[in-house]
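Residue numbers (my numbering), protein chains in the order written: chain U, 56 to 267; chain L, 56 to 267.
No residue lacks a Cβ here, since even glycine has one placed at the ideal position from N, Cα and C.
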DNA sequence: TTTCCTATTGTCCCATGGGACAATAGGAAA
DNA sequence: TTTCCTATTGTCCCATGGGACAATAGGAAA
């Protein structure tokens, strides 16, 4: 399976034409006459896929649907395909992360190339996202206290320093630290820091440089 | 000083008009009648700034200049301002990282807003870039042997493991490791890993997870 | 009331990291 | 030839991390 393409367009004959074309190319296809129809049964991202959106559609416009999906946390790449457009709309859509912006009539291989690229990008995005989700899930499993220890440990504090900072014994910190390593599923401090950095927990560590 | 705006446009009267307008708004301005003129005296990035490019200019086109500057490592944000354009050109320019894409005639405050945003973005980019440059410079100062030790240490290897991997004594590794910490200007393993991750040295560490 | 989770501490003991002091060897540059 | 840099090792010694075995206390859930 090459992936699923979700088509949102109010022109029924256009939908079926594109659907036929994409299915012939090996894609799975789902069609929606309006943005609302798509939002009603939000595509899960269990497999690779992308959206093919018209800009002008009744109800929410293509770009509006794009921003709505962004709020909902969707990472499905979006390819716009529209008959009428203007520069600001185009620019805005791409800046908002659209993968491509095509105009009707579209050359078949141009469309397939854009769809292909969008889906490839989705696969890359998905794997990174899944990795991040895993890390965040592990972090979420930490108790409040463990989380405090975690935050200090990944900034290079020694057990003694953490103990002082949190008003506990070094021995206690060791216990927490041990559970942190366990829950985060890492064997070394280096791995722990690496995960934290990738999950964005360490952003702006640069500010923590001491002059002392 | 708000920053410097480099204008590339073959229309002399347009250049002076925009130049006057931007200077009035407090910006420093440099004008170039063609892409080649700008490439001849490549703007340094010692201060915040941005480029304002026409798309159709004699010689290298705006987008061609954009990609050329990319190759040269410039991080100056680009705002396109052009009279004629088509969707593919616009899409391509934005996807290639242009900050904005405006059409002539442009409303004065629209132009100023885009310039302002581009320059702000440049300031953020610059500080991140300078931080990366510092890290990379430190890494470049490592001797080949120190670099090998560095690579293994940031992946969580113990001195003993590094010693085995490199065919040296643990004592020797300690000496190298000490100099690595010194040259990288960090006090803890956590900081070292954090820097490495930010500099991209650790990419795809996920693949190093052992089943053992 | 009993059970489970979270936070805390203690004692031992051992592995690992890191600083101090010292020294050797080979290659490149002056 | 002398000087400097890089790579190597040794010996001591101490701080820190981490595992094993054990235990207490309070709050929430069953």
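Local conformation of residue 209 of chain U per DSSP, three classes
As a first step, residue 209 of chain U must be located in the first chain, where it is residue number 154. Residue 209 of chain U falls in the coil class under three-state DSSP.
Contact set for residue 157 of chain L: own chain, Cβ-Cβ below 8 Å, skip 5 residues either direction:
Stepping through the second chain from its first residue, residue 157 of chain L is reached at position 102. The residues are 134, 135, 136, 137, 165, 166 and 169.
Indicate the three-state DSSP secondary structure (helix, strand or coil) for residue 189 of chain U in the structure shown.
Translated into positions along the first chain, residue 189 of chain U becomes position 134. Looking at residue 189 of chain U - three-state DSSP - the assignment turns out to be helix.
Expected contact under 8 Å - CB spacing of residue 229 of chain L and residue 196 of chain L to nearest Å
As a working mapping, residue 229 of chain L is identified with position 174 in the second chain. As a working mapping, residue 196 of chain L is identified with position 141 in the second chain. At roughly 19 Å, the Cβ-Cβ gap does not stay under 8 Å, so residue 229 of chain L and residue 196 of chain L are not in contact.
Can you tell me whether residue 224 of chain L is buried or exposed? The criterion is at least 16 other CB atoms within 10 Å of its CB, across all chains shown.
By one-based count along the second chain, residue 224 of chain L stands at place 169. With fewer than 16 other beta carbons inside 10 angstroms of its own, residue 224 of chain L counts as exposed.
Opposite residue 87 of chain L in the DSSP bridges: which residues?
If you number the second chain from 1, residue 87 of chain L lands on position 32. In DSSP, residue 87 of chain L forms a bridge with L/63.
Which two residues bound the contiguous beta strand (DSSP E) that contains residue 104 of chain U?
The sequence position of residue 104 of chain U within the first chain is 49, counting from 1. Per DSSP, residue 104 of chain U belongs to the beta strand (DSSP E) from 104-108.
Residue 242 of chain U classed as buried or exposed, judged by whether at least 16 other C-beta atoms fall within 10 angstroms
Counted from its first residue, the first chain places residue 242 of chain U at position 187. Its Cβ having fewer than 16 others within 10 Å, residue 242 of chain U is exposed.
Determine the chain U residues that contact residue 210 of chain L at a beta-carbon separation under 9 Å, and present them in chain order.
One-based indexing of the second chain puts residue 210 of chain L at position 155. Against chain U, a Cβ distance below 9 Å from residue 210 of chain L picks out 243, 245, 246 and 249.
Alpha carbon to alpha carbon, what distance is there between residue 154 of chain L and residue 161 of chain U?
For the purposes of this step, residue 161 of chain U is identified with residue 106 of the first chain, where counting begins at 1. For the purposes of this step, residue 154 of chain L is identified with residue 99 of the second chain, where counting begins at 1. So the two alpha carbons sit approximately 27 Å from each other.
Anything in chain L within Cβ reach of residue 140 of chain U, meaning under 7 Å, just list it in chain order.
To locate residue 140 of chain U, count along the first chain from 1; it is residue 85. Those are 142, listed as they occur along chain L.
Short Cβ contact (8 Å threshold) for residue 107 of chain U with residue 131 of chain U:
Residue 107 of chain U sits at position 52 when you count from the first residue of the first chain. Residue 131 of chain U sits at position 76 when you count from the first residue of the first chain. Taking 8 Å as the Cβ cut-off, residue 107 of chain U and residue 131 of chain U do not qualify as a contacting pair.
State the DSSP-derived secondary structure class of residue 224 of chain U, mapped to helix, strand or coil.
Translated into positions along the first chain, residue 224 of chain U becomes position 169. In the structure shown, residue 224 of chain U sits in coil (DSSP, three-state: anything other than H, G, I, E or B).
Please say whether residue 115 of chain L and residue 147 of chain L have beta carbons closer to each other than 8 Å?
Residue 147 of chain L sits at position 92 when you count from the first residue of the second chain. Residue 115 of chain L sits at position 60 when you count from the first residue of the second chain. No.
Since residue 155 of chain U meets chain L, which of its residues come closer than 9 Å, beta carbon to beta carbon?
Your numbering for residue 155 of chain U matches position 100 in the first chain. From the beta-carbon of residue 155 of chain U, the residues of chain L found nearer than 9 Å are 146 and 150.
Residues near residue 159 of chain L by beta carbon distance below 6 Å, same chain, minus five either side:
Within the second chain, the letter at position 104 stands for residue 159 of chain L. Answer for residue 159 of chain L: 138, listed in chain order.
When L/74, L/255 and L/256 are compared against residue 163 of chain L, the one with the closest alpha-carbon:
Position 108 of the second chain, counted from the first residue, corresponds to residue 163 of chain L. Nearest option by C-alpha distance: L/74.
Answer with buried or exposed for residue 96 of chain L, where buried requires no fewer than 16 other C-beta atoms within 10 angstroms of its C-beta.
For this step, residue 96 of chain L is matched to residue 41 along the second chain. Exposed, by the Cβ-count rule.
Sequence-distant residues of the same chain with beta carbon closer than 6 Å to residue 258 of chain U, five excluded per side:
Taking the first chain and counting its residues from 1, the one referred to as residue 258 of chain U is at position 203. Same-chain partners within the cutoff: there are none.
Candidates U/172, U/232, U/174 and U/218: closest to residue 194 of chain U by CA position
Mapped onto the first chain, residue 194 of chain U falls at position 139. Ranking the options by Cα distance to residue 194 of chain U, first place goes to U/232.
Run of the beta strand (DSSP E) containing residue 144 of chain L, from where it starts to where it stops:
Mapped onto the second chain, residue 144 of chain L falls at position 89. Looking at the DSSP string, residue 144 of chain L is not in any beta strand (DSSP E); the run it does join, the alpha helix (DSSP H), is 142-150.
Should residue 253 of chain U be flagged as near chain L, meaning a C-beta pair shorter than 8 Å?
Taking the first residue of the first chain as 1, we reach residue 253 of chain U at position 198. Put simply, the CB of residue 253 of chain U is near chain L, with a gap under 8 Å to one of its CB atoms.
Could you give the C-beta distance for residue 248 of chain L and residue 249 of chain U, rounded to a whole number, given that I count them as a contact under 8 Å?
Start at 1 with the first residue of the second chain, and residue 248 of chain L comes out as number 193. Start at 1 with the first residue of the first chain, and residue 249 of chain U comes out as number 194. Between residue 249 of chain U and residue 248 of chain L the Cβ distance is about 6 Å, and since that is below 8 Å, they are a contact.
Cβ contact check for the region 60-67 of chain L and the region 76-86 of chain L: 3 or more pairs under 8 Å
Under the 8 Å Cβ criterion, the region 60-67 of chain L counts as touching the region 76-86 of chain L, having at least three qualifying pairs.
Contact set for residue 70 of chain L: own chain, Cβ-Cβ below 7 Å, skip 5 residues either direction
Position 15 of the second chain, counted from the start, is the residue given in the question as residue 70 of chain L. Excluding residues within five positions, the ones whose Cβ falls inside 7 Å are 62, 64 and 86.
Please determine whether the Cβ atom of residue 131 of chain L lies at a distance below 7 Å from any heavy atom of the ligand FMN.
The ligand FMN is absent from the structure shown, which contains no ligands of any kind.
So for residue 260 of chain U, helix, strand or coil by DSSP?
If you number the first chain from 1, residue 260 of chain U lands on position 205. Its pLDDT being 45, under 50, residue 260 of chain U is placed unreliably in this model, and the coordinates cannot settle the point.
Can you tell me whether DSSP reads residue 154 of chain U as helix, strand or coil?
Sequence index remark: in the first chain, residue 154 of chain U carries index 99 (1-based). In the three-state scheme derived from DSSP, where H, G and I count as helix and E and B as strand, residue 154 of chain U is classed as coil.
Determine, using beta carbons only, whether residue 166 of chain U comes closer than 8 Å to chain L.
As a first step, residue 166 of chain U must be located in the first chain, where it is residue number 111. By the rule that beta-carbons nearer than 8 Å mark a contact, residue 166 of chain U does not touch chain L.
If you follow the alpha helix (DSSP H) that residue 244 of chain U is part of, which residue opens it and which one closes it?
Looking up residue 244 of chain U in the first chain gives position 189. Element bounds for residue 244 of chain U: 244-253.
Identify whether residue 241 of chain L lies in helix, strand or coil by the three-state DSSP scheme.
As a working mapping, residue 241 of chain L is identified with position 186 in the second chain. Coil at residue 241 of chain L, not helix or strand.
Using 8 Å for Cβ pairs, my map puts residue 109 of chain L next to residue 102 of chain L. What's the rounded Cβ distance?
On the second chain, residue 109 of chain L is found 54 positions in, with the first residue counted as 1. On the second chain, residue 102 of chain L is found 47 positions in, with the first residue counted as 1. At roughly 24 Å, the Cβ-Cβ gap does not stay under 8 Å, so residue 109 of chain L and residue 102 of chain L are not in contact.
Check for me: the beta strand (DSSP E) holding residue 124 of chain L runs from which residue to which?
As a working mapping, residue 124 of chain L is identified with position 69 in the second chain. Note, residue 124 of chain L: premise wrong, no beta strand (DSSP E); alpha helix (DSSP H) at 117-126.
Anything in the region 192-218 of chain L with a Cβ closer than 9 Å to a Cβ of chain U? List those residues in chain order, please.
Sequence-ordered contacts of the region 192-218 of chain L with chain U read 208, 209, 210, 211, 212 and 213 [C-beta pairs closer than 9 Å].
Whole angstroms is fine: what's the gap from residue 172 of chain U's alpha carbon to residue 212 of chain L's?
Within the first chain, the letter at position 117 stands for residue 172 of chain U. Within the second chain, the letter at position 157 stands for residue 212 of chain L. Going by the C-alpha atoms only, they are around 38 Å apart.
Pick from L/252, L/93, L/220 and L/68: whose alpha carbon is nearest that of residue 127 of chain L?
Taking the second chain and counting its residues from 1, the one referred to as residue 127 of chain L is at position 72. Selected option, being the one with the closest Cα: L/93.
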